[in-house]
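Heads up: the structure comes next, in structure tokens.
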Amino acid sequence: MRPARLVSWLLAGLLAACAGPRPAPTPAPTRKAPVLGEAAGQLGPAQWVARARAAFERGEYGRAIEAAQRARTQAPDLAEAWRLEARAREATSDLAGAREAWAGVMDRLPGDAGAVEAYARLSARLGREAESWQGLTGRGAVAAGWAGWLALRAGRADEASRLLETAVGAEEGDRWWVPLGRARLLRGDLAGAAEAAQAAVERWPRDPEAWGLRGDVAREQGLGAEARSAYEEALRLDPGRYAARVNLAVVLLGQGEAAEAEAVLREAIGREPGRPEAWNDLGLALRSQGRYAEAAEAYRKALEARPGYLPALKNLGICYEKYLGRQAEAVQVYDRYLDLSPDDREVARWRKAAKRRARER
Amino acid sequence: MRRWALLWAALLVSGCAGAPPAPRQRPAPPGRQEAAPRARTLSEATRQARARLEALRRGGAAPPEPGDDLVARYEDLLRRPGTPEDRKPEILLRLAELAFERETEALRRAYEGEADIPPRDRYVNTVGYYERLVRRYPDSPQALTAFYNLGYVYGERGEVRRAAEAYREVLRRDPDAPYRDEIHMRLGEVAFDDGRLEEAAAHYRAVVEEGKEAYRAAALYKLGWCFFNLERYPEAVEAFHRVLADADPSREDLRRETLEVLSKTLLEWGGLPALERYLADHPEVADRGPDLYRKLGDLFLDASRYDEAVATYAAGVEAYPTSALCLEMERGILAAYRIRRDVEAAMTRRESWVRRYGPGSAWDRAHAGTDLAAERDAMVEEGLRLAALYRHGRAQRGQGEPGRALALYRAYLDWFGDGSEAGYEMAYRYADALREAQRFREAADAYRRVAEREDRRNRREDAALRRIEVLGRLVEEDPSVLDEWIESHADFVRWNPTSPRVPEVLLAQGDRLLAAGRLEAAAAVYERLRAGHPASARAARSWGRTATCLFRLDRYAEAEAAARKALAAAADQDERSRARELVVFSVFKQGEAAEAAGRIDEANRHFLRLVEEFPAAEASRIALYRAAEDLRKAGRDREAAELYERLARTYPGSDHARAALLLASRIHEGQGDWVRVAQDREALLWGSSEPAEAADALFGAARAWAKAGRWDRAADRYAEFARRFPHDPRVAEAWVGRAEALEAGGGDPEPAYRAAWETPAGGPGAYHRARAALALARRRLERFRAVELRGDLEIRLAEKETLLEEALAWLTRAAGVPFADVVTEALYRAGKAFEHLKQALLESERPEGLSPEELEEYDFLLEERAFPLEERAVGFYQKGVAVARRAGTVTPWVERMFVRLEALAPWAYRRPELAVTAVDPPALPPAPEAER
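Okay, structure coming up:
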């Protein structure tokens, strides 16, 4: 054995040893079942399914997967065997294997809503929305809804909107109003988004997502008071909603209530300090109150949370140049901004002005 | 002294054993000496004479009866011629004896009839018969007897010399006469009486040395007297001693008399030292020592020589501590002290009795069970009692230690107990003494023993009361006796249920319980007092205490009821005042309790009825204040304010009134009711005597009037403030306030603004000076803007520029103070003024009749002139921004300057910032079956 291979083998062993208790073996879903005992070789698919269910219920997920594989080897269209395998793999955190097993279920039972939802949910968890949404099209209204939801997450607003409109028109389609509103908002269809938001809050008045959507739509429409109350309702239902809180602060800033916005943003920062939006907007709230140095510090925090965060870079440069009169530092910040966004001519012009005034000093 | 002694001696001699015989004891008639043996003594001779007389009677002649017949017959017999001469002495002797009997009887009757017979008239007939006999028949045998009897009768008639001659005649006729000793004694007596003491002593010494034994003791006694009178005391003592040393029991009387005279002799010889010397020299008479001491003490006492008397008695007691005479000598000592009024010494002596005669003492052992012991008990009981009371009295007057009295009381009670009336009294006194000695524990117990007695009750009430008193004192030192103290009151009532002091004690018991915090028990006692003695004044007074108990038990409603009864029953102003106070507090506490329970309306009802009923009470002010506070806390501000103002009206000038007015004004402030704020502040002003407080109130009133839009009043108040408090730090602010009010009211604010500017530059007024400068600038800028550039441009422009210059001057003054908002406002206004001037120039009226070219040229010239104005405006703005940056502060004027800079220099200042929204990833859609 060559030394390099030996080292990697040892490293893998060490990592395995440090990973804690070893999970149950997770055989890949192959078409060929592994060899089992003599007695087992005598069982039929129904018995294997029964064994798989029993093992699953006992929490013996490895045995459940083996038994399910034996069953579907003997009877490839036995959807129950695929379902048991999918559930057992999900239980062992084998999300990719589970997703494939759920796909097997969908292939054999195209109208199985549970399988579709599980497939979509696992696709989203695995970040495989873009490659998954299309697989759900043409499988009925429920699958269209999930396809639209995945498309929305993949940033495909137009497709998402089309699929979700199909879904909301079908039976039990009310659940898709929020995703549809989001998709329309992304497309700039404020009227459609407002319609969806209204439908969502009417049908799901206890869903903070619906109120958040409504707030976002109203804010985009310039309806500050409506947006504010919608965000506040969303936060009442779920105080942990970062976006609703930040966006509420944006509305308050627009209404000139900088101090109140500051308080809301500090609450958001307290809950999720690693996200830059609240820090950036806090800088604006502080600047509006004439607290320029604190504003600059808030912008710097935003940049710490997400280096190269362009809104914060831009605002920090303005703060240095216009409000604090620190032209040289403003030039530096503008330079960083322009490195990341070289096509912003306006900022380039500001940089020149700052540089000139820096020289004047 | 000498005469006294003689008198004594005469008396003693007349009664002594050796006194002359009675006259009827006459010697036998000398003529019948052969017929009868010669008598050896006078009494023997008398017997013989009687026998012969009896023989005569039997011989034929009837014996003469005691009366005239017998005397007459003897006289007749004498007169008869036939009567033999040798019988006549005998007849005369008989007649003398009869006469003696009759005259003795007459003398006795005279004494009994309280008459008297002069000595010379006594025994006249007797003497006559005897003298006839010795004169006519001097040689007869009866003459000897007659001489002897004559001696006696002369003596009785006071004819001492004739008596002595008669006795001497007897001795002359017969030196060995049987009556020799008697005659010596008589002669001694006569000589003694005549003061011929040496002669008397010779007669007595003759008897002592040669006489019969029967006469020797008396002769020694008389001899002693002679020596005594001759002041030859050692010989006298020796003579008396020989009498004392005689052991013959038949002469005990003489020895007792000798003791008397020996005592006198010792008294003369040197007193106590002589006695002590005598006893030391003659131990054989030691048993007479107590007598001698006592008698000597008595003599000293009689002679008013009290100190020597005491010393003698005391020495006697010391020398013979077990003597039976000790008690008498003690009495003698006390008598001496009493006469001398030396009470202290007497009491001290009595104090010693316990030691001398007390149980277990030598004296006690010697006389146990005797009558003397009983006598001792009586004497010592009285003595100890008196001594204890005396010592106690002195201790009470601060003249001695109470310990002596206590010891005496204790000794008394230990010895005699407290069973008798006196003992009971002593037990009570003992308790008193313990109390006065501050031995309260023992005193309490002693009083208890007295008070508990069932057989005697006259001290029961006093003792029970005193017990309460001493336990009260004791509890100050030892709180553990508190229960006993309180119980002592109950004991008093139990022992003296009918005492008129029971109500007093019950009231006191309640008070003790109350003071001890046993409120329920105290209330019960007061209730008992009222139930048992409803008519008592103390029962009436107990209502107040009951109210106090109930109050402290937080039973305020009941306390109020009780206090009202106390108020109704109050006997004087003081009680009335206290009861009223209790009512007030009870009502107040009811309010407070309701307040604590959150029952605001109920609380206010109590508070307000307190105010209605007792408006003058201090608590009423507080109650009204609290009522208002409750309402305010409950958010009922308007009602609260009404009460605050009521308080201020009802109790003007009080601290609460001031606080209430302040709070009311704050409420009105909160409600925007500035008129009432101003009124409250003015009320505060009128009620305030403190300058600082008055200044605050006046200033607040001015400001409130301004906020109420009552500009005239606001201006007046500000002016009044500036006038009354010219050195107040707010004077500049006041002037500015007045100016603003005048300005708002259409008046001329200029003088006020200028006055503000004229105030001292330093201190807290600087800001308002700057504001005044700004206002003055602003007013000029308004006029500056009002000038339109029409008509003659140069003139109008000059006018406008002049106003601008003035305004800039004031703005420059304002900008000279270190207040960022003022500075930035000044700079902003300066910039705006230049912007306005630029715009005014550009929009100024164009001269008529200009050609297009000229007009273009004119416009160009205007722009040329206007452009620098914009630059100046930008310069002011930039300066303002820079000032704010340097100061590290931002004002609204800075924001405005940024706005103007963005408009005038967009390339440099228009910088749109970026607010970002946040987007959360699309969440899972709700499940169809989810709750909606």
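Residue numbers (our numbering), protein chains in the order written: chain C, 7 to 367; chain U, 45 to 976. Note that CB positions come from ideal geometry on N, CA and C, so glycine has one too.
Excluding five sequence neighbours on each side, which residues of the same chain lie with their C-beta closer than 7 Å to the C-beta of residue i?
i	result
residue 130 (chain C)	156 and 159
residue 298 (chain C)	325, 329 and 330
residue 317 (chain C)	286
residue 547 (chain U)	573, 577, 580, 582 and 583
residue 528 (chain U)	515
residue 961 (chain U)	none
residue 814 (chain U)	858, 861, 863 and 866
residue 563 (chain U)	593, 596 and 597
residue 104 (chain U)	Interpretation of residue 104 (chain U) is limited by its pLDDT of 47, a score under 50 that renders its predicted location unreliable; the figure taken from the coordinates is listed afterwards. Cβ within range, chain order: n/a, list empty.
Relative to the C-alpha of residue i, which candidate in the options has its C-alpha closest?
i	options	result
residue 151 (chain U)	U:166, U:141, U:137 and U:140	U:166
residue 467 (chain U)	U:224, U:950, U:499 and U:119	U:499
residue 646 (chain U)	U:662, U:404 and U:675	U:675
residue 350 (chain U)	U:362, U:462, U:383 and U:156	U:383
residue 244 (chain C)	C:218, C:269 and C:232	C:218
residue 170 (chain U)	U:223, U:198 and U:830	U:198
residue 559 (chain U)	U:772, U:526, U:585 and U:538	U:526
residue 804 (chain U)	U:779, U:822, U:227 and U:790	U:779
residue 484 (chain U)	U:177, U:522, U:766 and U:192	U:522
residue 983 (chain U)	U:256, U:259 and U:263	Outside the displayed span of chain U (45 to 976) sits residue 983 (chain U), for which this structure offers no information.
residue 340 (chain C)	C:111, C:293 and C:353	C:353
Ordered along the chain, which non-local residues of its own chain (more than five positions away) have a Cβ less than 6 Å from that of residue i?
i	result
residue 532 (chain U)	511, 512 and 515
residue 241 (chain U)	270, 273 and 274
residue 94 (chain C)	62, 67, 70 and 71
residue 821 (chain U)	851, 854 and 855
residue 688 (chain U)	672, 704, 707 and 708
residue 505 (chain U)	540 and 543
Which residues of chain C have a Cβ atom closer than 7 Å to the Cβ of residue i, listed in chain order?
i	result
residue 958 (chain U)	317, 320 and 321
residue 944 (chain U)	By Cβ distance, chain C contributes nothing, its closest Cβ being about 13 Å from residue 944 (chain U), past 7 Å.
Can you give me the Cβ contacts of residue i inside the same chain, cut-off strictly under 8 Å, excluding the 5 residues immediately before and after it?
i	result
residue 391 (chain U)	430, 431, 434 and 435
residue 973 (chain U)	none
Taking residue i and residue j to be in contact with their CB atoms under 8 Å, please state how far apart those CB atoms are, rounded to whole angstroms.
i	j	result
residue 195 (chain U)	residue 187 (chain U)	About 13 Å; that fails the 8 Å criterion.
residue 407 (chain U)	residue 356 (chain U)	Contact doesn't hold; Cβ gap of about 19 Å is too wide.
residue 970 (chain U)	residue 181 (chain C)	5 Å
residue 4 (chain C)	residue 344 (chain C)	An answer regarding residue 4 (chain C) cannot be provided, because it is not within the stretch 7 to 367 covered by chain C.
residue 236 (chain C)	residue 247 (chain C)	About 12 Å separates the two Cβ atoms, so there is no contact after all.
residue 233 (chain C)	residue 224 (chain C)	4 Å
residue 882 (chain U)	residue 910 (chain U)	4 Å
residue 193 (chain C)	residue 164 (chain C)	6 Å
Cβ closer than 8 Å: which chain C residues qualify as neighbours of residue i?
i	result
residue 938 (chain U)	296
residue 961 (chain U)	222, 225, 249, 252, 253, 256 and 283
residue 918 (chain U)	Going along chain C, no residue has its Cβ under 8 Å from residue 918 (chain U), so there is no contact; the nearest lies around 14 Å.
Quick one: list the residues of chain C neighbouring residue i, beta-carbon separation under 9 Å, in chain order.
i	result
residue 964 (chain U)	215, 218, 247, 248, 249 and 250
Please list the partners that residue i has in chain U, where partner means a Cβ-to-Cβ separation under 7 Å.
i	result
residue 324 (chain C)	955 and 957
residue 328 (chain C)	953 and 955
residue 287 (chain C)	959 and 960
residue 184 (chain C)	969
So with CB distances below 9 Å, who are the chain U contacts of residue i?
i	result
residue 139 (chain C)	None at all; the shortest Cβ gap to chain U is about 12 Å.
Below 8 Å on C-beta distance, what does residue i contact in chain U?
i	result
residue 359 (chain C)	951 and 952
- Query: Which residue spans inside the segment 355–415 of chain U form an unbroken alpha helix (DSSP H) run of at least 4?
  - Reply: 370–384, 387–395, 397–401 and 406–411
*Whole runs of the beta strand (DSSP E) within the segment 522–574 of chain U, excluding any shorter than 3 residues*: none
For this session: Would you mind listing the alpha helix (DSSP H) stretches within the segment 607–687 of chain U that are 4+ residues and don't spill past its ends, in chain order?
Result: Runs of the alpha helix (DSSP H) spanning 4 or more residues and lying entirely within the segment 607–687 of chain U occur at 617–640, 644–657 and 662–677, in chain order.
* In chain order, which beta strand (DSSP E) runs of at least 3 residues are fully inside the segment 690–773 of chain U? -> none
| Going along the chain, which unbroken runs of the alpha helix (DSSP H) with 4 or more residues stay wholly within the segment 203–245 of chain C? | 214–227 and 230–243
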